[in-house]
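Structure, as structure tokens:
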Amino acid sequence: MTILTEKTLTRSALSHLDWLESEAIHILREVAGQCANPVLLFSGGKDSICLLRLAEKAFRPGRFPFPLMHIDTGHNYPEVIDFRDRRAAELGERLIVRSVEDSMARGTVVLKSADESRNKHQSVTLLEAIEEFGFDACIGGARRDEEKARAKERIFSFRDGFGQWDPKNQRPELWDLYNARSFKGENIRVFPISNWTEFDVWRYIEREGLELPSIYFAHRRPVVRKSGGLLPVTPVTPAGKDDVIENLMVRFRTVGDISCTAPVESDADTLAKIIAETAATTITERGATRLDDQTSDASMEQRKKEGYF
Amino acid sequence: MSAIERLPTIDHGLLRFLTCGSVDDGKSTLIGRLLYDTKAILVDTLSAIERTSKKRGLDAIDLSLLTDGLQAEREQGITIDVAYRYFNTGTRKYIIADAPGHEQYTRNMVTAASTADLAVILIDARKGVLTQTRRHSYLAQLVNIPHLVVAINKMDLVDYAQDRFDAIVADYLDFAVQLVGAEKAKSVRFIPISALNGDMVVERGERLDWYDGPTLLDLLEAAPPAHIDHNEAFRFPVQYVCRPQDSANPALHDYRGFMGRVESGHIAVGDAVTVLPSGRQSRIRAIEVFGSPLDTADAEQSVTLLLDDEIDISRGDMIVKTGEQPPVVRQIEAMLCWLSESPLDPRRKYLIRHTTRDTKAMLEGIDERVDVNTLERLPAERLEMNDIARVRFKLAQPLFPDPYVKNRSTGAFIVIDEASNNTVGAGMIL
Chain V
635 MTILTEKTLT RSALSHLDWL ESEAIHILRE VAGQCANPVL LFSGGKDSIC
685 LLRLAEKAFR PGRFPFPLMH IDTGHNYPEV IDFRDRRAAE LGERLIVRSV
735 EDSMARGTVV LKSADESRNK HQSVTLLEAI EEFGFDACIG GARRDEEKAR
785 AKERIFSFRD GFGQWDPKNQ RPELWDLYNA RSFKGENIRV FPISNWTEFD
835 VWRYIEREGL ELPSIYFAHR RPVVRKSGGL LPVTPVTPAG KDDVIENLMV
885 RFRTVGDISC TAPVESDADT LAKIIAETAA TTITERGATR LDDQTSDASM
935 EQRKKEGYF
Chain L
215 MSAIERLPTI DHGLLRFLTC GSVDDGKSTL IGRLLYDTKA ILVDTLSAIE
265 RTSKKRGLDA IDLSLLTDGL QAEREQGITI DVAYRYFNTG TRKYIIADAP
315 GHEQYTRNMV TAASTADLAV ILIDARKGVL TQTRRHSYLA QLVNIPHLVV
365 AINKMDLVDY AQDRFDAIVA DYLDFAVQLV GAEKAKSVRF IPISALNGDM
415 VVERGERLDW YDGPTLLDLL EAAPPAHIDH NEAFRFPVQY VCRPQDSANP
465 ALHDYRGFMG RVESGHIAVG DAVTVLPSGR QSRIRAIEVF GSPLDTADAE
515 QSVTLLLDDE IDISRGDMIV KTGEQPPVVR QIEAMLCWLS ESPLDPRRKY
565 LIRHTTRDTK AMLEGIDERV DVNTLERLPA ERLEMNDIAR VRFKLAQPLF
615 PDPYVKNRST GAFIVIDEAS NNTVGAGMIL
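Residue numbers (the numbering used here), protein chains in the order written: chain V, 635 to 943; chain L, 215 to 644.
Okay, structure coming up:
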């Protein structure tokens with residue numbers, strides 16, 4: 635029996651990044667071992683870029699035992715879409731793209747107004763794609779540090795036939811014994827980097843030398859200052875009549891639908907500078923950059939219950 | 215003392231710990247204090263809880279709001295589930311499993327404890343050792359958490375009095391000796407703290423001069439990682455078999471990689487291994503990760519193993535070192551914690567998942583139930599949610615377990631109800 639004192643430590647354990655990496659590989663292999671028809675959600679964003687490297691570490695020299703899929707709102711930055719297609723091609727893996735615009739054409743997504751954000755409507759398109767392909771598991775890059783609804787979500791998270799997450803009725807998750815079982819029409823969402831923080835993601839990208847879409851690095855972009863944040867001026871989000879457009883050095887900390895992803899002022903044009911900035915940062919990732927989470931304290935919880943990943 | 219100034223020096227890896235206590239013990243305040251004093255809280259979060267604190271008419275920031283839960287929980291005034299929180303000190307990353315203190319307590323605590331390397335048990339200095347303290351300690355011991363720290367909180371409400379602290383320590387030790395024996399009781403650490411004022415959590419503060427031991431964070435920083443024992447047996451449950459059979463690459467035609475994570479022990483190229491359940495023997499030809507060869511692999515590393523001989527191996531098999539084989543069994547005895555609202559039905563078949571292996575199982579008998587409040591052993595016919603019992607299962611397929619006290623990975627299993635697919639039980643093999 636070791637008696638714990640302030641000096642007790644240790645031999646050197648796995649570094650914390652090695653531990654997180656190993657845990658994520660273990661999770662991905664459990665998906666492959668337990669699920670008949672999984673899919674990995676790849677948006678071209680930094681978290682799912684990490685997932686692709688983890689999948690390479692988990693399955694090479696074999697092919698991935700799942701295709702990649704992106705739910706495209708039609709309102710993404712072109713740099714990110716180019717990157718998405720190129721990365722999938724480099725890996726030689728199959729990329730499925732399903733579009734919110736197709737759901738709109740089908741009439742299954744109805745916007746309240748033409749300029750309503752399509753972000754939350756991704757849930758509908760995702761559920762349609764799950765049904766179309768019969769996926770029994772969707773691997774996503776969500777992290778528990780992002781938001782308090784996520785902090786309580788399982789690594790293997792059960793969704794019913796409507797894609798709903800029921801926080802009061804989650805399967806207990808013990809040790810590393812994951813339960814990915816589901817009946818037809820139900821679905822398991824799997825989050826291999828649940829235990830990573832934003833800082834871990836950046837450190838991992840640096841360590842692995844992963845390429846990112848250019849908009850993660852500081853660049854000059856027309857923006858409007860709005861309620862403490864920056865709003866990019868784009869065809870999707872044009873400036874209002876009275877808005878003052880500024881050309882600022884900015885970067886994106888998170889990348890998603892244009893209508894709800896805002897850049898932050900920064901001159902960090904290298905990974906090292908981004909990491910230094912992240913270490914010193916004083917605002918949470920979602921607080922700084924997600925326009926959709928500020929409306930209500932519980933908005934992520936609400937979206938997840940409706941099938942958002 | 216900011217996290218940034220201390221970056222990056224050494225990496226002591228990751229420590230997972232669990233905080234046990236109810237709302238009244240100041241558990242949320244303690245977690246808030248750890249996050250706040252290690253600078254894990256960023257301004258927007260802080261200003262949000264500042265606003266809420268003011269709204270509720272408080273003078274100071276209520277750190278317990280940092281762990282405030284979901285809308286569904288606030289509406290019902292309860293805590294639903296285990297939440298995971300993160301901070302890092304520049305030398306180590308921490309994952310806190312925060313289990314709620316009342317509803318479904320056993321189920322939540324066992325869940326949170328299953329992955330913890332250390333437990334912090336909170337005692338209210340005004341109240342001393344309570345029934346729930348005994349329950350937390352029993353569960354921590356049952357789930358075999360390696361290190362136990364008893365934090366005697368709210369010292370500010372007993373004038374930081376040393377005699378109060380000493381009396382609680384003596385009380386707790388009386389109980390701990392009964393629970394785990396004198397030898398193991400000696401390894402329990404006690405710290406007087408005030409989570410509210412921050413004394414002896416991260417900073418020493420100035421009000422506990424009579425205490426010259428480590429702060430809570432000092433102990434967290436020093437706690438050894440899991441698998442520090444070099445004599446652990448090598449256990450490698452196979453998760454997935456890689457057979458690329460890539461016609462464009464003849465070198466891969468015969469490639470058979472056995473993918474998994476080293477659950478315990480150590481393996482090197484050239485080591486003699488035995489595959490279970492077949493008992494076939496071979497040697498390690500190569501250890502790989504993503505094309506890079508390794509000479510050795512240690513506990514917790516996810517790797518791919520290649521063998522000298524062509525042996526038929528599939529998911530659910532286990533690769534072990536020859537001479538260190540676990541028994542191959544068709545019956546197990548275990549401590550079982552029941553997690554489901556539907557009681558354990560002795561007439562039904564359940565699925566047991568042990569490492570990467572599944573087998574159908576039937577209950578042979580319930581030997582005794584443990585009352586977690588009194589620690590009494592009682593006879594039982596059936597098990598309800600939150601019950602803990604010593605049971606026997608008969609297995610349709612063999613398993614290769616180690617006793618849970620020796621190996622938390624290969625000694626643990628979950629029970630799945632095939633009718634609902636729910637995880638309904640958590641077992642620890644005796």
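Just so you know, even glycine gets a beta-carbon here, dropped at the ideal spot from N, CA and C.
Could you say which of the options lies nearest to residue i if we only look at CA atoms?
| i | options | result |
| --- | --- | --- |
| A722 of chain V | V:E807, V:H704, V:G708, V:S733 | V:H704 |
| D581 of chain L | L:E590, L:A594, L:Q545 | L:A594 |
| Y618 of chain L | L:E477, L:V534, L:R403 | L:E477 |
| V731 of chain V | V:R855, V:L760, V:L725 | V:L760 |
| R348 of chain L | L:A500, L:D385, L:I498 | L:D385 |
| A776 of chain V | V:F796, V:A658, V:A670 | V:A658 |
| D602 of chain V | V:S893, V:T912, V:C894 | The structure shown has nothing for residue 602 of chain V, since chain V only spans 635 to 943. |
| Q804 of chain V | L:T637, L:L644, L:I643 | L:T637 |
| N587 of chain L | L:E524, L:H226, L:N600 | L:N600 |
| R529 of chain L | L:M473, L:I602, L:R604 | L:M473 |
| K907 of chain V | V:G874, V:P872, V:E842, V:W836 | V:W836 |
| I498 of chain L | L:L410, L:D631, L:P507 | L:P507 |
| R859 of chain V | V:T831, V:I683, V:L648, V:E899 | V:E899 |
| D432 of chain L | L:V363, L:A462, L:D312 | L:V363 |
| L644 of chain L | L:P615, L:A633, L:I630 | L:P615 |
| G768 of chain V | V:K746, V:D903, V:S791, V:F700 | V:F700 |
| D523 of chain L | L:P540, L:G471, L:E417 | L:G471 |
| G505 of chain L | V:R793, V:D749, V:R815, V:F693 | V:F693 |
Can you list, in chain order, the residues of its chain whose CB lies under 6 Å from that of residue i, leaving out five sequence neighbours each side?
| i | result |
| --- | --- |
| G641 of chain L | A548, L550, F627 |
| L638 of chain V | none |
| L905 of chain V | E840 |
| H361 of chain L | L332, A437 |
| V155 of chain L | Nothing in the structure corresponds to residue 155 of chain L, since chain L is present only between 215 and 644. |
| N881 of chain V | R854, P856 |
| T868 of chain V | I892 |
| L700 of chain L | Within the shown structure, residues of chain L are numbered from 215 to 644, placing residue 700 of chain L beyond reach of any answer. |
Among all the DSSP beta bridges, which residues are the ones paired with residue i?
| i | result |
| --- | --- |
| R299 of chain L | L:I310 |
| Q636 of chain L | Looking at the sequence shown, residue 636 of chain L is not Gln but Asn. Bridge partners of N636 of chain L: L:D631. |
| Q545 of chain L | L:K608 |
| W552 of chain L | L:G639 |
| S516 of chain L | L:R475 |
| I602 of chain L | L:C551, L:V584 |
| R823 of chain V | V:C772, V:S791 |
| L808 of chain V | V:L811 |
| V731 of chain V | V:H704 |
| K574 of chain L | L:L565 |
In its own chain, which residues sit with a C-beta less than 8 Å from the C-beta of residue i, not counting the 5 before and 5 after it?
| i | result |
| --- | --- |
| D719 of chain V | L729 |
| L228 of chain L | R306, K307, Y308, I309, P439 |
| R596 of chain L | P557, L558, D559, P560, I580 |
| K691 of chain V | E655, I659 |
| R697 of chain V | G726, E727 |
| G678 of chain V | H704, N710, V714, I715, F717, R718, R721, P847, V889 |
| E219 of chain L | Its pLDDT being 35, under 50, E219 of chain L is placed unreliably by the model, and the measurement read from it follows with that caveat. Result list for E219 of chain L: G304, in chain order. |
| G625 of chain L | P615, D616, P617, Y618, V619, M642, I643 |
| A274 of chain L | S267 |
| A513 of chain L | A440, H441, E446, V476, E477, S478, G479, H480 |
For residue i, collect the residues of the same chain with a Cβ closer than 7 Å to its Cβ; drop the 5 residues on either side in sequence, then sort them by chain order.
| i | result |
| --- | --- |
| W424 of chain L | Q376 |
| L393 of chain L | S351, Y352, Q355 |
| G427 of chain L | I405 |
| R591 of chain L | E582, V584 |
| D526 of chain L | none |
| P897 of chain V | R855, V857, L864, P866, V884, R885, F886 |
| N753 of chain V | T707, G890, D891, S893, C894, D926 |
| L422 of chain L | M369, Y374, P406, D413, M414 |
Hey, is residue i close to the ligand PLP, as in C-beta under 7 Å from one of its heavy atoms?
| i | result |
| --- | --- |
| D251 of chain L | Here there are no bound small molecules, and the ligand PLP is not part of this structure. |
Cβ contact check for the region 558-573 of chain L and the region 510-518 of chain L: 3 or more pairs under 8 Å: no
Inside the region 316-395 of chain L only - beta strand (DSSP E) runs reaching at least 3 residues: 332-338, 361-367
Meets three-Cβ-pair contact criterion under 8 Å: the region 733-749 of chain V and the region 779-789 of chain V: no
Segment contact flag, the region 847-862 of chain V with the region 876-895 of chain V, C-beta cutoff 8 Å, min 3 pairs: yes
Runs of alpha helix (DSSP H) wholly within the region 645-701 of chain V (minimum 4 residues, chain order): 650-668, 680-693
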